[in-house]
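Everything on this sheet refers to the single structure shown next.
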Amino acid sequence: MEDESSTIQTIKIDDYLPNGWWEYENYVSDHRPVAIKLNMQSNGLPLNGVALANPNFSSHPNPSTGSTTLTFDPARQNTSIAIFNAMGRQVQDFTIPKGQASVVWDTKGFPEGEYCAGLLTDRQVIAVRRIILLK
Numbered sequence: 048m049e050d051e052s053s054t055i056q057t058i059k060i061d062d063y064l065p066n067g068w069w070e071y072e073n074y075v076s077d078h079r080p081v082a083i084k085l086n087m088q089s090n091g092l093p094l095n096g097v098a099l100a101n102p103n104f105s106s107h108p109n110p111s112t113g114s115t116t117l118t119f120d121p122a123r124q125n126t127s128i129a130i131f132n133a134m135g136r137q138v139q140d141f142t143i144p145k146g147q148a149s150v151v152w153d154t155k156g157f158p159e160g161e162y163c164a165g166l167l168t169d170r171q172v173i174a175v176r177r178i179i180l181l182k
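Going by this note's numbering, the sequence shown opens with residue 48, and the numbers climb by one from there.
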């Protein structure tokens with residue numbers, strides 16, 4: 048495994064269901080369970096306390112097939128936008144000049160999928176927008 052803190056374990060149904068195997072086979076599935084425990088570490092945006100649905104940060108069109116325009120309140124100093132893929136890896140960033148209120152992200156070189164755009168001021172995330180890319 049890439050993340051050494053993740054583990055593969057055998058779980059005991061009796062530890063999770065009061066009536067054990069009988070309950071599992073009658074109410075959950077007639078197949079044997081398979082489970083994996085992953086310890087995830089975010090290498091993306093620190094989202095504690097961030098308004099995910101900030102109306103002042105939007106992207107159009109969304110879903111996008113070639114480019115999307117990100118709009119926001121006019122930038123103050125030290126403003127940027129960071130784009131992350133679904134794996135949490137930063138794939139694009141923009142430094143926003145003071146007073147600018149939009150930026151166009153050319154998505155043609157990126158695979159389809161779900162991305163996350165974070166609007167940052169003084170390196171603090173102030174808004175997040177989900178962007179879907181289609182081909």
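Note that beta-carbon positions come from the ideal geometry of N, C-alpha and C, so glycine has one too. It should be emphasised that the depicted structure is a prediction, and the values quoted were computed from it without experimental measurement.
Quick one: give me the first and last residue of the beta strand (DSSP E) that residue i is part of.
i: ILE58; result: First-last for ILE58: undefined, no H or E at that position.
i: GLU161; result: 160-168
Distance check for residue j and residue i, CA to CA, integer angstroms please.
i: THR57; j: ARG176; result: 38 Å
i: ASN103; j: TRP69; result: 53 Å
i: GLY156; j: ALA122; result: 26 Å
i: THR154; j: PRO144; result: 21 Å
i: ASP62; j: TYR71; result: 12 Å
i: ALA174; j: THR168; result: 10 Å
i: TYR74; j: GLY160; result: 35 Å
i: SER149; j: LYS59; result: 53 Å
i: ILE179; j: SER76; result: 34 Å
i: GLY135; j: ALA129; result: 11 Å
i: LEU181; j: HIS78; result: 36 Å
i: PRO158; j: ASP140; result: 17 Å
i: HIS107; j: ALA133; result: 19 Å
Name, in chain order, the residues that DSSP records as bridge partners for residue i.
i: PHE141; result: ILE128
i: THR118; result: SER105 and SER149
i: ALA174; result: LEU166
i: LEU180; result: SER111 and GLY160
Starting from residue i, follow the alpha helix (DSSP H) in both directions and report where the run begins and ends.
i: GLU72; result: Element bounds for GLU72: n/a, residue is neither H nor E.
For residue i, which residues in the same chain have their Cβ closer than 6 Å to its Cβ, ignoring the five residues on either side in sequence?
i: PRO65; result: none
i: VAL151; result: SER114 and THR116
i: HIS146; result: According to the sequence as given, residue 146 is Gly; it is not His. Excluding sequence neighbours, GLY146 sits near PRO121.
i: SER105; result: THR118
i: THR142; result: SER127
i: ASN125; result: ASP169
Leaving aside the five residues before and after residue i along the sequence, list all residues of the same chain whose C-beta is less than 7 Å from its C-beta, in chain order.
i: ASN109; result: THR115, ILE178 and ILE179
contact_flag[the stretch 158-174, the stretch 106-121] where n(CB pairs < 8 Å) is 3 or more = In the pairwise beta carbon analysis, the stretch 158-174 is classified as touching the stretch 106-121: at least three pairs are separated by under 8 Å.
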